[in-house]
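Engineer:
Residue numbers (the working numbering), protein chains in the order written: chain A, 7 to 107; chain B, 7 to 107.
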């Protein structure tokens, strides 16, 4: 069993900061896009069992380390929010365009 | 759903090169250690569904790109093989030491 501890850490952060990130869309597809994009931009920390995740998380207790993760998350959330690719958002846009007809 | 495409790619590579890597121990624990260590040293490529993994894999078709992954895998396999931390290997060492008594 291998798992990237950053997955859990970033999911927890997104959960914590979701309401403050001014997201255009909060559907599952967009949440996945934000997490995937963020994880592609932070150093992976793979561990071989779930119990070890907390040790990795503890190493980010340092305020500055954790802040830099939140900054990365916010940057990626902005990229996705500027152009959401999900079906939910596309449907909403289509419906608005229809209302002008 | 988010998944690091590199997990599948590195697992496939380990499977392909396992016999050529001169591993000290091939138990599941050591295999996990090799994969985790390798994944911590290659750029993560997170995607939001399994079908997209093949596109990432295709981007490594270039011989040189794939070779650099195999080199990384071999380096990490050597680190783990030089000092296996698994119970299986420890037991084997203990048994050998016992045989000198």
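All residues carry an ideal CB built from backbone N, CA and C; glycine is no exception.
Could one say the Cβ of residue 27/B lies closer than 8 Å to chain A's Cβ atoms, at least one of them?
Structural biologist: Taking the second chain and counting its residues from 1, the one referred to as residue 27/B is at position 21. Chain A, which has no Cβ nearer than 8 Å to the Cβ of residue 27/B, makes this no.
Engineer: Taking the DSSP output, what are the residues bridged to residue 10/B?
Structural biologist: As a first step, residue 10/B must be located in the second chain, where it is residue number 4. The bridge partners DSSP lists for residue 10/B are 52/B.
Engineer: How many angstroms separate the CA atom of residue 101/B from the CA atom of residue 23/B?
Structural biologist: By one-based count along the second chain, residue 101/B stands at place 95. By one-based count along the second chain, residue 23/B stands at place 17. Looking at the two C-alpha atoms, the distance is approximately 29 Å.
Engineer: Starting from residue 24/B, trace the alpha helix (DSSP H) in both directions and tell me its first and last residue.
Structural biologist: Here residue 24/B is taken as the residue at index 18 of the second chain, counted from 1. First-last for residue 24/B: undefined, no H or E at that position.
Engineer: Would the stretch 85-101 of chain B and the stretch 29-47 of chain B be scored as touching if the rule is three or more Cβ pairs under 8 Å?
Structural biologist: yes
Engineer: Can you pull the chain A residues whose beta carbon is under 7 Å from the beta carbon of residue 52/B, in chain order?
Structural biologist: Counting from 1 along the second chain, the entry for residue 52/B is found at position 46. Result: 42, 45, 46.
Engineer: Cα separation between residue 11/A and residue 65/B?
Structural biologist: Within the first chain, residue 11/A is the residue found at index 5, counting from 1. Within the second chain, residue 65/B is the residue found at index 59, counting from 1. The alpha-carbon atoms of residue 11/A and residue 65/B are separated by roughly 26 Å.
Engineer: Between residue 60/A and chain B, is the shortest Cβ-Cβ distance under 8 Å, so that the two count as touching?
Structural biologist: As a first step, residue 60/A is located in the first chain; it is residue number 54 there, counting from the start. No - not a single Cβ of chain B is within 8 Å of the one on residue 60/A.
Engineer: Under 8 Å Cβ-Cβ, which residues of chain B neighbour residue 7/A?
Structural biologist: Start at 1 with the first residue of the first chain, and residue 7/A comes out as number 1. Residues of chain B passing the Cβ test: 38.
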